[in-house]
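Colleague:
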DNA sequence: TATGAATGAGTATTCATTCAT
DNA sequence: TATGAATGAATACTCATTCAT
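Protein chains in written order, with this note's numbering: chain A, 157 to 366; chain B, 157 to 366; chain C, 157 to 366; chain D, 157 to 366.
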């Protein structure tokens, strides 16, 4: 029996397994159709075992929310990992990255959580977290750009950041409604160009037109 | 009390009563928390009577969706009813109206339905309807503006319309996340100004800045 | 308006229409699946109108039971209508007629009512009625046969009649189980031959064999 | 009270408990009056526990059908367990046993299932199972009798078996209708004697008469 | 940790029946 | 007679959660 522990090792990250299973099921069936039994089955564990890891459905949903936060913040990692880039390049990458994610299930899960946030303060707080940290990131880019003399001085970085976020979110929503990521991406790029014109100093570049 | 007979004629628009009650409850508690018994009580009718008018929950939700369509299209009425206005004024009114609606429950209900649309084709079709008719309306304004020489000729009205819609939707979503309608309105107005610059011919007006 | 009555005449026999519709539906879906709304629709009338003709479901089922009694007794009509026949011929006709009815829906309806009779005294009484009148008919044939010297004197007509009924019923049940009317008919004819041997005086006929 | 621990081991055969409770309730109130809550109460368990063992009403009814199959096949056990008997004795025992069962609730349950079998293929298959295995048993007896030289060679064992089954079933049905097991038993014994005459070689025995 | 049997409150839906017109 | 809107009690079934092991 000396090596019996080896047999029981495969579940190094039960909580993670559960959360990922729940995340996937929410994307597929929505919060409305989320069933504990299904999650347990998908995670390869027992109905009751699930309750050992999460005290209840709400706790699990919150954990999924936190997992979603990570999903979004992970996309920042490559940027940070890269070499030094200009604030403008970073901004452009923000839009490029968003365009690539228009078909992501994360958007579906986010919408589910946004709907729930209207009456679940814990989820609302989570989404505010995502919002704040994303805005913080954008503000830091914008301020760097201003410091570098790339962007206009008198801009309100918070307003610009919120505008960028609204644009990206709107494009994502539009993609979900139309089920046409290309059209939504085009709209987003249009706004991206307009915003660039707005904030870049001496933006002699000809106005976006099509 | 001269018209007390009105008391005995309570069922002039039962279906409407039910749909409005359901609409309100969805805004309050979401689709997830929608209960037939609650709807019936709110509509002042019996649990079974509700099923007499709607064959099931899905049918009712679809009816609520159609009601939402009407909600949105009604906002077009004042514009049409008013006297002749320029295409630019109409466009500006579009953003003004949207800003005023940022706190509207319609947005919450819309988000609920958008979440559900991911796996309910009937609801998805409804939302596409809203989308198409809204875009159609915007395109007609834009084309009128082009015909009047107000807007650039080479613009693609569909792209511009989709961009406007994405901007408005994004601002709405942002308002829901931040619970700060003013900030979202500011972002929307920023995009509105950028779009105006983009499409208006000879837009000599100084670039929006803050 | 002189001929307005003509317009409202088409329903000379509403009760009959309803009972026939119910009879058919019981044969199709069983008592368990019998729905008032379906009966009304099948009878071409309104849900509520049905209740004008039958005070409730039990009353309707009883009426269907009486209709079934008529169904069975009608098969005697041709015999009575025909010219004088021997008791033996009549007896043979009884089996022949039964064989022809093995696929009849009447058997299905009868089984439904028999099941219900176990806890519905009114239906039980109806079935006893059918039973008694059928036995009475058979006894009268047998007694006539005895009077004519065709059948043995010492036979108990009631026992013979009950035996005949059991044989016919058993074959009907067997047909329902096997869904093979031919096999059931063969079994019934075998018993018929045995019974004939039993009761016919000087039955010199060689024993049935196969 | 030495074995009081038995109290804490009440769930040795939950499925069996449930099926038996359902069987009894079907006999009492019929399928039409079968209620999940009643079954659960009768089985001493919770409403939901029942659904833990049976996925739905249909599954439970099918299980009851299988239980009924066992009920019938158990009656063969004593025969098999006994010492060697002649084929004729076995056949006689068949009728004797059937006569003793004329008042059995199994007949009531069987009738309920037969009614349902008309539109439930699963139940129909079950009844066909009972039918086939019973016929198989009878055929084996008849063939043994033929091999022993007791029964006529040229008999078709399947026809005879079906005839026996029809006779026994008919008597059972007759008993249900008349609520007079004695009269039904007499009719069955009459047919039994006739069949014996039919199949037994050199049946010198005087014809049954009463 | 982990299991899975057991729970029971909750809920959509059915359907016979009533009743104003 | 006839309608059909309205009722509400009845019921199968769901599902998060508990708990003994």
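Just so it is clear, CB atoms sit at the ideal spot from N, CA and C, and this is done for glycine as well.
Contact defined as beta carbons within less than 8 Å: I believe residue 325/C pairs with residue 330/D. What is the distance between those atoms, to the nearest angstrom?
Modeller: Residue 325/C to residue 330/D, Cβ: 6 Å. Contact.
Colleague: Suppose the cutoff is 8 Å on Cβ atoms and the five residues either side in sequence are ignored; what does the same chain contact list for residue 455/D look like?
Modeller: Residue coverage of chain D in this structure runs from 157 to 366, which leaves residue 455/D outside it and unanswerable.
Colleague: With DSSP run on the structure shown, which of helix, strand or coil describes residue 307/D?
Modeller: Of the three classes helix, strand and coil, the one that applies to residue 307/D here is strand, per DSSP.
Colleague: Which residue from 347/A, 198/A and 343/A puts its Cα closest to that of residue 291/B?
Modeller: Checked all of 347/A, 198/A and 343/A; the closest Cα to residue 291/B is 343/A.
Colleague: Mind listing the chain A neighbours of residue 333/B? Cutoff is C-beta to C-beta under 9 Å, in chain order.
Modeller: Those are 270, 273, 280, 283, 284, 286, 287, 321 and 325, listed as they occur along chain A.
Colleague: Okay, do the region 169-180 of chain D and the region 203-216 of chain D touch, 3+ Cβ pairs below 8 Å being the bar?
Modeller: Because the criterion of three Cβ pairs below 8 Å is met, the region 169-180 of chain D and the region 203-216 of chain D touch.
Colleague: For residue 168/D, count neighbouring C-beta atoms within 10 Å of its own C-beta (all shown protein chains included) and say buried if the count is 16 or more, exposed if not.
Modeller: Residue 168/D should be labelled exposed.
Colleague: Have a look at residue 328/D and residue 340/D and give me their C-alpha separation to the nearest angstrom.
Modeller: Whole-angstrom Cα-Cα distance: 7 Å.
Colleague: Between residue 297/B and residue 243/B, is the Cβ-Cβ spacing less than 7 Å?
Modeller: For residue 297/B and residue 243/B, yes; Cβs fall inside 7 Å.
Colleague: Could one say the Cβ of residue 290/B lies closer than 7 Å to chain A's Cβ atoms, at least one of them?
Modeller: With 7 Å as the cut-off, residue 290/B does not count as an interface residue toward chain A.
Colleague: Given a limit of 7 Å on CB to CB distance, which residues of the region 172-186 of chain B reach chain A?
Modeller: Correct list: 185 and 186.
Colleague: Nearest-angstrom Cα distance between residue 315/A and residue 307/B?
Modeller: Straight-line Cα distance between these residues: approximately 27 Å.
Colleague: Report buried or exposed for residue 338/B, applying the criterion of at least 16 other Cβ atoms within 10 angstroms of its Cβ.
Modeller: Its Cβ having fewer than 16 others within 10 Å, residue 338/B is exposed.
Colleague: Please tell me whether residue 318/C has its Cβ less than 7 Å away from any Cβ of chain D.
Modeller: Closer than 7 Å to some Cβ of chain D, the Cβ of residue 318/C qualifies, so yes.
Colleague: In this structure, does DSSP put residue 336/A in helix, strand or coil?
Modeller: Note: residue 336/A maps to coil in three-state DSSP.
Colleague: For residue 264/D, which residues from the same chain have a beta carbon less than 6 Å from its beta carbon, with the 5 sequence-adjacent residues on both sides left out?
Modeller: Answer for residue 264/D: 183, listed in chain order.
Colleague: Should residue 353/B go down as buried or exposed, given a rule of 16 or more other Cβ atoms within 10 Å for buried?
Modeller: By the neighbour-count rule (16 or more Cβ atoms within 10 Å), residue 353/B is buried.
Colleague: Leaving out five residues on either side along the sequence, give the residues of the same chain with a beta carbon under 8 Å from the beta carbon of residue 332/B.
Modeller: Once the five neighbours on either side are set aside, the close Cβ partners of residue 332/B are 263, 264 and 267.
Colleague: Thinking C-beta only, is residue 269/A closer than 7 Å to residue 221/A?
Modeller: Cβ atoms of residue 221/A and residue 269/A: closer than 7 Å.
Colleague: Straight-line CA distance for residue 174/A to residue 198/A?
Modeller: Computed Cα separation, rounded: 8 Å.
Colleague: Given a cut-off of 7 Å on the beta-carbon distance, is the pair residue 228/D and residue 286/D in contact?
Modeller: Their beta carbons are under 7 Å apart, which means residue 228/D touches residue 286/D by this criterion.
Colleague: What does DSSP give as the partner residues of residue 356/A in its beta bridges?
Modeller: 307/A, per the DSSP bridge assignment.
Colleague: Just how far apart, CA to CA, sit residue 225/B and residue 210/A?
Modeller: One C-alpha to the other measures close to 40 Å.
Colleague: Quick check: what's the CA-CA separation for residue 303/B versus residue 357/B?
Modeller: In a straight line, the C-alpha of residue 303/B is about 12 Å away from that of residue 357/B.
Colleague: Only counting the same chain, and skipping five residues up and downstream in sequence, which positions put a Cβ closer than 7 Å to that of residue 299/A?
Modeller: Counting only Cβ-Cβ distances below 7 Å, and skipping sequence neighbours, we find 313.
Colleague: Express the C-alpha separation of residue 347/C and residue 253/D in angstroms, rounding to a whole number.
Modeller: Taking the straight line joining both Cα atoms gives about 20 Å.
Colleague: Going along the chain, which residues of its own chain have a beta-carbon closer than 8 Å to the beta-carbon of residue 193/D, five neighbours each way excluded?
Modeller: Only 203 meet the Cβ criterion.
Colleague: Could you spell out where the alpha helix (DSSP H) holding residue 188/D opens and where it closes?
Modeller: Segment: none, residue 188/D is in no alpha helix (DSSP H) and carries neither H nor E.
Colleague: With respect to 6 Å, is the separation between the Cβ of residue 321/B and the closest non-hydrogen atom of the ligand MG below this value?
Modeller: As far as ligands go, the structure on display features none, and thus does not contain the ligand MG.
Colleague: With 7 Å set as the bound, which would you pick, yes or no: does the beta-carbon of residue 267/C sit closer than that to a beta-carbon of chain D?
Modeller: Yes, its Cβ sits closer than 7 Å to a Cβ of chain D.
Colleague: Pick out whichever of 335/B, 188/B and 289/B has its Cα sitting closest to the Cα of residue 260/B.
Modeller: Nearest option by C-alpha distance: 335/B.
Colleague: Please report the residue range of the alpha helix (DSSP H) in which residue 263/A lies.
Modeller: Unbroken alpha helix (DSSP H) run through residue 263/A: 261-273.
Colleague: Mind checking whether residue 212/D and residue 271/C have CB atoms under 7 Å apart?
Modeller: No, they are not a contact pair.
Colleague: Roughly how many angstroms lie between the CA atoms of residue 273/B and residue 200/B, to the nearest whole one?
Modeller: For residue 273/B and residue 200/B, the distance between alpha carbons rounds to 29 Å.
Colleague: Span of the alpha helix (DSSP H) holding residue 253/C?
Modeller: Start and end: 243-256.
Colleague: Going by other Cβ atoms of all chains shown within 10 Å of its Cβ, with 16 needed for buried, is residue 309/B buried or exposed?
Modeller: Its Cβ having fewer than 16 others within 10 Å, residue 309/B is exposed.
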